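Asker: Right, I'll just put the structure down here and ask away after.
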């Protein structure tokens with residue numbers, strides 16, 4: 470196996486780099502708001518629908 474400290478260090482560097490570049494991945498646990506992809510898509514669709522009603 471790998472050294473857990475090295476894995477954590479590399480993961481933190483990856484997260485910091487993504488944040489610095491403004492990259493957001495829905496598969497990244499750091500961005501998980503507790504929902505699932507289907508729920509997120511449903512919320513996105515509802516937001517789009519409500520914008521068209523205005």
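In our numbering, the protein residues as written are 470 to 523.
All residues carry an ideal CB built from backbone N, CA and C; glycine is no exception.
Since we're looking at a predicted model, the values are computed, not measured.
Rounded to the nearest angstrom, what separates residue 490 and residue 518 at their Cα positions?
Answerer: 30 Å
Asker: Going straight from the alpha carbon of residue 483 to that of residue 515, what length do you get?
Answerer: The straight-line gap from Cα to Cα measures roughly 32 Å.
Asker: What three-state label does DSSP hand residue 492 in the structure shown?
Answerer: The answer is coil: DSSP assigns residue 492 none of H, G, I, E or B.
Asker: DSSP state of residue 478, grouped into three classes?
Answerer: helix
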